[in-house]
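Novice:
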Amino acid sequence: MVNPAEPLPADTPADAELRRALEQSGWRCTRQRTAVHDYLCSVESHPTAEEVFAAVRRHIPNISLATVYKALEALVDAGLASKLSSGDGPARYDGRTDAHYHLCCLKSGRIIDLPTDFDAKLLDKLDPNLVTKLRRQGFRVSGYRLEVLGTFE
Ligand SMILES: [Zn+2]
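Per our numbering, the sequence shown starts with residue 161, numbered consecutively.
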């Protein structure tokens, strides 16, 4: 129970940054969204929405799966998380916002970060004119993703 006489805990710099980013994209910064963001940033497992729900529910028992989905949508929209859609199976979410590569297990759907430096020039190496060619076709490149595929034995 929150004591109304007690001052609200001060925002940490990370909280303030989260609030700023959400509000800049037109989303309110709620306790639920903060909890979903904190959880996403605390794990390396690239969880599904169901997994986020199961984890966050331990701290906020009355949170609904729909609220978790909405929180994930807000975080992705505000550039605070990425949605990793795989061919089959549920989408997974990543709280890491710096560019990095993934390793994906085709059997379990498990995704882990690949401990390799990100190469911002990789597209140029594939084709030095690729970005320009695509631009002419009306496509503006904003980045790229690379997944190393295989199976854990
Ligand atoms: Zn990742």
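Ideal Cβ positions, reconstructed from N, Cα and C, are used throughout, including at glycine. Predicted model only: the values in this text are computed from it and were never measured.
#1: Give the secondary structure of residue 219 by DSSP, where H, G and I count as helix, E and B as strand, and everything else as coil.
#2: My output table needs one value for residue 312: the three-state DSSP class, helix, strand or coil.
#3: For residue 103, which residues from the same chain have a beta carbon less than 6 Å from its beta carbon, with the 5 sequence-adjacent residues on both sides left out?
#4: Going by Cα to Cα distance, which pick from 249, 278 and 212 is closest to residue 233?
#5: For residue 316, count neighbouring C-beta atoms within 10 Å of its own C-beta (all shown protein chains included) and say buried if the count is 16 or more, exposed if not.
#6: Alpha carbon to alpha carbon, how far is residue 293 from residue 303?
#7: Identify which residue in 253, 291 and 306 has its Cα closest to the Cα of residue 263.
Specialist: Reading it off the structure:
#1: Residue 219 sits at position 59 when you count from the first residue of the sequence shown. DSSP places residue 219 in coil when its eight states are reduced to three.
#2: Looking up residue 312 in the sequence shown gives position 152. It is coil, neither helix nor strand.
#3: What the structure shows of the chain is the stretch from 161 to 313, and residue 103 is not part of that stretch, so it cannot be assessed.
#4: The residue labelled residue 233 in the question sits at position 73 within the sequence shown. Residue 233 has its Cα closest to that of 212, out of 249, 278 and 212.
#5: Absent from the structure is residue 316, since the part of the chain shown begins at 161 and ends at 313.
#6: Locating residue 293 in the sequence shown gives position 133, counting from the first residue. Locating residue 303 in the sequence shown gives position 143, counting from the first residue. So the two alpha carbons sit approximately 15 Å from each other.
#7: Indexing the sequence shown from 1 puts residue 263 at position 103. Check the Cα spacing between residue 263 and each of 253, 291 and 306: the tightest is with 306.
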